[in-house]
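K.L.:
Starting off with a structure, shown below.
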Amino acid sequence: MVDEVLAGRVRALVGARVPVVERRMFGGVAFLVGGLVPVLAVLLVPTAGARVPVVAAAVIVALVVTGALSARAGSAPVRRAVLRNVIGGGLAMAVTYGVGSVVGLAL
């Protein structure tokens with residue numbers, strides 16, 4: 499579904515059709531870059547006690563940036579997109595942290 503939305507946006511911008519393989523490669527690169535944000539935050543924080551809040555803050559900043567960029571790319575209201583991104587991503591992060599805490603995973 500995401501690749502179809504991206505293709506529609508590209509067609510609207512440049513009047514061209516983007517092959518499915520290229521759209522999927524773009525999506526894969528986007529996920530890879532997005533996954534690097536928490537990894538880099540963990541690597542840059544020297545103390546273990548500060549890792550969770552720093553990673554959470556870094557991910558929230560990244561969610562704000564990606565929400566704003568996607569809204570501008572799609573000519574949508576920026577505030578709504580940012581709120582949707584931060585609330586959805588924040589809930590996902592909280593659920594993941596909660597499951598990790600219940601299972602006993604040490605960060």
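FYI, in the working numbering the residues of the sequence shown are 499 to 605.
C-beta atoms are modelled at their ideal positions from N, C-alpha and C, and glycine is treated no differently.
1) Is the Cβ-Cβ distance between residue 562 and residue 553 less than 8 Å?
2) Does the distance from the C-beta atom of residue 536 to that of residue 556 stay below 8 Å?
3) Return helix, strand or coil for residue 551, following the three-state DSSP convention.
4) Under a Cβ-count criterion, where at least 16 other Cβ atoms within 10 Å of its own Cβ denotes burial, should residue 564 be classed as buried or exposed?
5) Between the alpha carbons of residue 520 and residue 531, how many angstroms are there, rounded?
6) By the three-class DSSP mapping on this structure, what secondary structure does residue 546 have?
7) How big is the Cα-Cα spacing for residue 549 and residue 538?
8) Determine whether the beta carbon atoms of residue 569 and residue 579 lie at a separation below 8 Å.
9) Hey, would you say residue 558 sits closer than 8 Å to residue 533, going by beta carbons?
10) What would DSSP say about residue 536, mapped onto helix, strand or coil?
P.N.:
On the basis of the data shown:
1) no
2) yes
3) helix
4) buried
5) 16 Å
6) helix
7) Cα to Cα, the separation comes out at about 11 Å.
8) Remark: C-beta atoms of residue 569 and residue 579 approach each other more closely than 8 Å.
9) Judged by beta-carbon spacing, residue 533 lies beyond the 8 Å limit of residue 558, meaning their Cβ atoms are not closer than that value.
10) helix
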